[in-house]
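Structure record follows, encoded as structure tokens.
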Amino acid sequence: MNPSFSSPTTNLLDEALGIGRTGSVPWRIALVQDCVEASGAFLLHHLLKRSLSAEAAGAVVFLGLAQPFSHYDRVLRKMGCNLSLQRNKNKLHFIDLLDLEFLVAGGTDQNAIEDGFMNLYNRILRFIEANNLMHNNGGWIRIIIDDISLLEIAAQGSSSHTFDFLQYCATLTSELDCSLLILNHGDIYSSEEDQRLLSHLDYLSDVVIKAETLSTGIAVDVHGQLTIINKRALGELGWSSSKVYNFQFKLKENAVEFFYPGTKF
Amino acid sequence: MEGEHAPALTIEDSLASSLGSSVFDHFLANLVSQIAAGKSQARGLVLVAFNRSPAFYLELLRRKGVDAQHVDKRVRILDCYSDPLGWKKRVPPLKTAQNLPVKANVACFSDARDTNKLMASILDLGKGTSYSELTATSCNVLNLVYLLTEFVGQDKSRFAVAIDLVSSLLRYTSLPIVAGLVNKLRSNDQTSCIVWLIHSDLHEQRVSAALAYVSTMVASIQPIAQCTDEQTSQQNSVWLGKNSDKAKLHVRLKRRNGRVKLLAEELHLDQVGVKFTAVGDQNSNAAKSLLPKVQFNLQLSEQERVERAKVVLPYEHQGNGEEIQIYDGRRSLSDSISISQPSVASPVISDTQVAPGIGEIHYVRDSDDEQPDSDEDPDDDLDI
Chain A
1 MNPSFSSPTT NLLDEALGIG RTGSVPWRIA LVQDCVEASG AFLLHHLLKR
51 SLSAEAAGAV VFLGLAQPFS HYDRVLRKMG CNLSLQRNKN KLHFIDLLDL
101 EFLVAGGTDQ NAIEDGFMNL YNRILRFIEA NNLMHNNGGW IRIIIDDISL
151 LEIAAQGSSS HTFDFLQYCA TLTSELDCSL LILNHGDIYS SEEDQRLLSH
201 LDYLSDVVIK AETLSTGIAV DVHGQLTIIN KRALGELGWS SSKVYNFQFK
251 LKENAVEFFY PGTKF
Chain B
1 MEGEHAPALT IEDSLASSLG SSVFDHFLAN LVSQIAAGKS QARGLVLVAF
51 NRSPAFYLEL LRRKGVDAQH VDKRVRILDC YSDPLGWKKR VPPLKTAQNL
101 PVKANVACFS DARDTNKLMA SILDLGKGTS YSELTATSCN VLNLVYLLTE
151 FVGQDKSRFA VAIDLVSSLL RYTSLPIVAG LVNKLRSNDQ TSCIVWLIHS
201 DLHEQRVSAA LAYVSTMVAS IQPIAQCTDE QTSQQNSVWL GKNSDKAKLH
251 VRLKRRNGRV KLLAEELHLD QVGVKFTAVG DQNSNAAKSL LPKVQFNLQL
301 SEQERVERAK VVLPYEHQGN GEEIQIYDGR RSLSDSISIS QPSVASPVIS
351 DTQVAPGIGE IHYVRDSDDE QPDSDEDPDD DLDI
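Just so you know, the sequences run in chain order A and B.
Using full-length UniProt numbering, you'd call the opening residue of the first sequence number 1 and step up by one each time.
Using full-length UniProt numbering, you'd call the opening residue of the second sequence number 1 and step up by one each time.
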């Protein structure tokens, strides 16, 4: 028996994250933390697909620093989602930041970096405005950042400016029906100061998704495990205790399978 | 008290048990309730909000049952969350945003890096003067004037200050400046008390230490269950689950006479909020839980302990002047206790005694053929 958990309506990941039918989520800020051996990019792809599904009632702003648009288009096409079409329908706003010089275009001093981030923030605001006008203030907005470490590189290593930008994105999540999804690499920070950036992100997030390898090593049927810490489960302003989920995943050609340890035959 | 610095409370937590925000909310709500009921020295509260929106705090106070009128009169929020660096003033505003009514007791602050201005704003809010200079333009000034006269007033009434996240402030400026700000606030006549939250793992150790020096009370939140590095992810998730809504609160209180008092409590987070209970007997439970559950007994009973203490170790002298009886492998153990050590001078050629139940061993020691040098017994200076 091979239980299939990859039906489009629900799977373990969607349940753990509380993703509703319309793609809305109860959390405001989610952090995906991966490592070299277990890349978390598949999570972004999956969540991007869920956010752009036919029933989804919102729009996505995607800050692409790691890959060009064509890469995501190819990957999502295999998963059954046409990114170009969604972009044309204005459900997806792809901000191409592959050229990491975008922040220092106006010079390399501190003010220029801050101005660069402010302009980026402004671009996001304008898209949200256009989207609200079109859909009469309805629908949620999801901001996906791939990935934050490259944003820091673009800011010439200034984690302080990166954080200022994230803070402004975070205020968007509380003022509007907006959620923020950040991808970060957990294994590239060596110094204590950089570890603090990881801690900062952890404090900021309502949900932390960690993609790791199995402690037992490489396996054919299982590519890794996910630990999801949902800090504000059943999120209301007053919170319940946090929920922790742990399950494993296998990457297939067009989809991802999620299953509890030991249930995959 | 006159001439004394205002008391200051630091609430610190870490990722291992991040209930600091809940504890801060609890203190804040209690403080506001006491101010509203007239039980506190302070007549008002200034909340400097970096970490969460003013709307969050207003909703929190409403849920905790503080009367909305009292909140309007007694609480002023300096909003350093929405636009700490003034970006929103430099980009066109969102046209279609649902314009939430701006609360009269919330002032937006856009210069988080300028601590002098921050200090001035806190004091102004506390004193209830110059308020109109700070507010966003969409505020109703007439409403403000009415509210302000009800706030602290012209006399020497005092106000409390709460900073929701000093860690954020430390991001915008440096430690010496923040410490200076805190000291200035404490020494201000009209400040009745200050409370702030800090995430200790976002800073170096010295930062927490420096802020602990300027506080009269430090409440640190520690995890209930300790984590070890060897834990697997499975165990980690269980540990995380355990630590997510329970923690230990260690309070260090500095008295005026220099004495330091330590208190400990357990705290537990539920739907309503934070609840404190006295510390249970955790030590024995913790020790028991460290032993793996197996079907045999890994611990010693009392009698076993006594018996163990009675065992005579073969190389240990008992301190009673007897000659050392060393088992040299030639006799069975029971015989060697009663037989004195064979003199080294008399050669023992072979050992014909054998351990009971086992075949005979005839062994000739080479060293017995030699004439030993009796002056150089290497064991003479042994005194175990």
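A virtual CB, placed ideally from N, CA and C, is assigned to each residue, including glycine.
Predicted model only: the values in this text are computed from it and were never measured.
Self-check item: For residue 45(B) and residue 66(B), believed in contact at Cβ under 8 Å, the rounded distance
Solution: Translated into positions along the second sequence, residue 66(B) becomes position 66. Translated into positions along the second sequence, residue 45(B) becomes position 45. That belief does not hold up - the Cβ atoms of residue 66(B) and residue 45(B) are roughly 11 Å apart, past 8 Å.
Quiz item: Going along chain B in order, which residues have a C-beta closer than 7 Å to the C-beta of residue 202(A)?
Solution: Start at 1 with the first residue of the first sequence, and residue 202(A) comes out as number 202. Here the neighbours are 15.
Practice problem: Anything in chain A within Cβ reach of residue 87(B), meaning under 7 Å, just list it in chain order. | Solution: Residue numbering aside, residue 87(B) sits at position 87 when the second sequence is read from its first letter. Contact note: residue 87(B) reaches chain A through 118, 121, 168, using a C-beta cutoff of 7 Å and chain order.
Quiz item: If you drop the 5 nearest sequence neighbours on each side, which residues of the same chain put their C-beta closer than 6 Å to that of residue 11(B)?
Solution: The sequence position of residue 11(B) within the second sequence is 11, counting from 1. Setting aside the 5 residues that flank it on each side, residue 11(B) is surrounded in the same chain by 20, 23, 24, 197, 219, each with a C-beta closer than 6 Å to its C-beta; the list follows chain order.
Practice problem: Measure from the alpha carbon of residue 62(A) to the alpha carbon of each residue in 112(A), 79(A), 97(A), then state which is nearest. | Solution: One-based indexing of the first sequence puts residue 62(A) at position 62. Nearest in C-alpha terms to residue 62(A), of all of 112(A), 79(A), 97(A), is 97(A).
Quiz prompt | Beta carbon proximity, residue 66(B) to chain A, threshold 8 Å | solution = Residue mapping note: residue 66(B) aligns to position 66 of the second sequence, counting from 1. It does not: the Cβ of residue 66(B) has no partner Cβ on chain A nearer than 8 Å.
Quiz item: For residue 217(B), which residues does DSSP report across the bridge?
Solution: As a first step, residue 217(B) is located in the second sequence; it is residue number 217 there, counting from the start. Answer is 9(B), 253(B).
Quiz item: chain B beta carbons: is any one of them nearer than 8 Å to that of residue 31(A)?
Solution: Translated into the one-based positions of the first sequence, residue 31(A) becomes position 31. Closer than 8 Å to the CB of residue 31(A) there is not a single CB belonging to chain B.
Practice problem: Give the range of the alpha helix (DSSP H) segment to which residue 171(A) is assigned. | Solution: In the first sequence, residue 171(A) corresponds to position 171, counting from 1. Segment 159-175, the alpha helix (DSSP H) holding residue 171(A).
Quiz item: Thinking C-alpha only, which one of 261(B), 278(B), 223(B) is nearest residue 14(B)?
Solution: Within the second sequence, residue 14(B) is the residue found at index 14, counting from 1. Nearest of 261(B), 278(B), 223(B) to residue 14(B), Cα basis: 223(B).
Quiz item: Which chain B residues are close to residue 160(A), counting only those with a beta carbon under 9 Å from its beta carbon?
Solution: The residue labelled residue 160(A) in the question sits at position 160 within the first sequence. The answer, in chain order, is 171, 172.
Quiz item: Does the Cβ-Cβ distance between residue 30(A) and residue 207(A) come in under 8 Å?
Solution: Counting from 1 along the first sequence, the entry for residue 30(A) is found at position 30. Counting from 1 along the first sequence, the entry for residue 207(A) is found at position 207. Between residue 30(A) and residue 207(A), the C-beta gap is smaller than 8 Å, which places the two residues in contact.
Quiz item: From this set, 148(A), 133(A), 131(A), 141(A), which residue's C-alpha is nearest residue 117(A)'s C-alpha?
Solution: The count along the first sequence starts at 1 and reaches residue 117(A) at position 117. Among 148(A), 133(A), 131(A), 141(A), the Cα nearest to that of residue 117(A) is on 148(A).
Practice problem: Could you tell me whether the Cβ of residue 171(A) comes closer than 8 Å to any Cβ of chain B? | Solution: Mapped onto the first sequence, residue 171(A) falls at position 171. At least one CB of chain B lies nearer than 8 Å to the CB of residue 171(A).
Quiz item: Using CA coordinates, which residue listed in 93(A), 168(A), 135(A), 94(A) is at the minimum distance from residue 82(B)?
Solution: Your numbering for residue 82(B) matches position 82 in the second sequence. Comparing Cα positions, the closest option is 168(A).
Quiz item: At a Cβ threshold of 8 Å, is residue 84(B) touching chain A?
Solution: Residue mapping note: residue 84(B) aligns to position 84 of the second sequence, counting from 1. Taking 8 Å as the threshold, the shortest C-beta distance from residue 84(B) to chain A falls below it.
Quiz item: What does DSSP give as the partner residues of residue 15(A) in its beta bridges?
Solution: Locating residue 15(A) in the first sequence gives position 15, counting from the first residue. For residue 15(A), no pairing in a beta bridge is given by DSSP.
Quiz item: Got a sec? Which residues, its chain only, sit under 8 Å from residue 74(B) by beta carbon, not counting five neighbours each side?
Solution: The residue you call residue 74(B) lines up with position 74 of the second sequence. Close CB contacts of residue 74(B) within its chain, under the 8 Å cut and outside five residues either way in sequence, are with 32, 35, 36, 43, 44, 45, 151 (chain order).
Self-check item: Partners in chain A for residue 47(B), counting only beta-carbon separations shorter than 8 Å
Solution: Taking the second sequence and counting its residues from 1, one reaches residue 47(B) at position 47. When 8 Å is used as the limit between beta carbons, residue 47(B) is near no residue of chain A, the shortest such separation being about 16 Å.
Exercise. Measure from the C-beta of residue 163(A) to each C-beta in chain B and report whether the shortest distance is under 8 Å.
Key: Counted from its first residue, the first sequence places residue 163(A) at position 163. Interface residue, yes.
Quiz item: For residue 106(B), which residues from the same chain have a beta carbon less than 7 Å from its beta carbon, with the 5 sequence-adjacent residues on both sides left out?
Solution: Within the second sequence, residue 106(B) is the residue found at index 106, counting from 1. Contacts found: 54, 77, 79.
Quiz item: Whose C-alpha, out of 157(B), 202(B), 171(B), is nearest the C-alpha of residue 193(B)?
Solution: Here residue 193(B) refers to the residue found at position 193 when the second sequence is read from its first residue. Considering only alpha carbons, the answer is 157(B).
Exercise. Tell me, please, whether the region 252-259 of chain A touches the region 166-185 of chain B by the rule of three or more beta-carbon pairs shorter than 8 Å.
Key: Touching, no.
Practice problem: Would you mind telling me which residues of chain A sit closer than 7 Å to residue 81(B), beta carbon to beta carbon, in chain order? | Solution: On the second sequence, residue 81(B) is found 81 positions in, with the first residue counted as 1. Simply 171.
Quiz item: residue 196(A) versus chain B: which residues are under 8 Å apart at the beta carbon?
Solution: To locate residue 196(A), count along the first sequence from 1; it is residue 196. Near residue 196(A) (Cβ distances below 8 Å), the residues of chain B are 201, 202, 203.
Exercise. Flag residue 53(A) as yes if its beta-carbon sits less than 8 Å from any beta-carbon of chain B, otherwise no.
Key: Residue numbering aside, residue 53(A) sits at position 53 when the first sequence is read from its first letter. Not closer than 8 Å to any Cβ of chain B, the Cβ of residue 53(A) fails to qualify, so no.
Quiz item: Can you find a CB in chain A that lies within less than 8 Å of the CB of residue 252(B)?
Solution: Reading the second sequence from its first residue, position 252 is the one you call residue 252(B). Under the Cβ distance rule, residue 252(B) does not count among the residues neighbouring chain A, no pair being separated by less than 8 Å.
Practice problem: Could you name the residues of chain A that residue 206(B) contacts, counting a contact when the two beta carbons are closer than 9 Å? | Solution: The residue labelled residue 206(B) in the question sits at position 206 within the second sequence. For residue 206(B), no chain A residue has a C-beta closer than 9 Å to its own C-beta; the minimum C-beta separation is roughly 12 Å.
Quiz item: Helix or strand or just coil, what does DSSP make of residue 223(A)?
Solution: Here residue 223(A) is taken as the residue at index 223 of the first sequence, counted from 1. The three-state secondary structure of residue 223(A), taken from DSSP, is coil.
Practice problem: Please state if the CB of residue 140(A) and the CB of residue 58(A) are separated by a distance shorter than 8 Å. | Solution: By 1-based counting over the first sequence, the position of residue 58(A) is 58. By 1-based counting over the first sequence, the position of residue 140(A) is 140. Yes, these two residues count as a Cβ contact at 8 Å.
Quiz item: Does the region 171-180 of chain A touch the region 213-230 of chain A, meaning 3 or more C-beta pairs lie closer than 8 Å?
Solution: Fewer than three beta-carbon pairs drawn from the region 213-230 of chain A and the region 171-180 of chain A are found closer than 8 Å, and the two stretches are therefore not classed as touching.
Self-check item: Separation of residue 59(B) from residue 52(B), as counted between CA atoms
Solution: By 1-based counting over the second sequence, the position of residue 52(B) is 52. By 1-based counting over the second sequence, the position of residue 59(B) is 59. Those two C-alpha atoms are separated by around 12 Å.
Quiz item: So which residues of chain A does residue 110(B) contact, with C-beta pairs closer than 7 Å?
Solution: Along the second sequence, one-based indexing puts residue 110(B) at 110. In chain order: nothing, as chain A lies at least about 12 Å away.
Exercise. Using the Cα positions of residue 84(A) and residue 118(B), report the straight-line distance between them to the nearest angstrom.
Key: One-based indexing of the first sequence puts residue 84(A) at position 84. One-based indexing of the second sequence puts residue 118(B) at position 118. Straight-line Cα distance between these residues: approximately 47 Å.
Self-check item: Straight-line Cα distance separating residue 379(B) from residue 364(B)
Solution: Numbered from its first residue, the second sequence carries residue 364(B) at position 364. Numbered from its first residue, the second sequence carries residue 379(B) at position 379. About 22 Å.
Exercise. Taking only the alpha-carbon atoms, compute the straight-line gap between residue 147(B) and residue 72(B) and give it to the nearest angstrom.
Key: Stepping through the second sequence from its first residue, residue 147(B) is reached at position 147. Stepping through the second sequence from its first residue, residue 72(B) is reached at position 72. Only weak support is given to the placement of residue 147(B): the predicted model assigns it a pLDDT of 42, under 50, and the question is left unresolved by the model.
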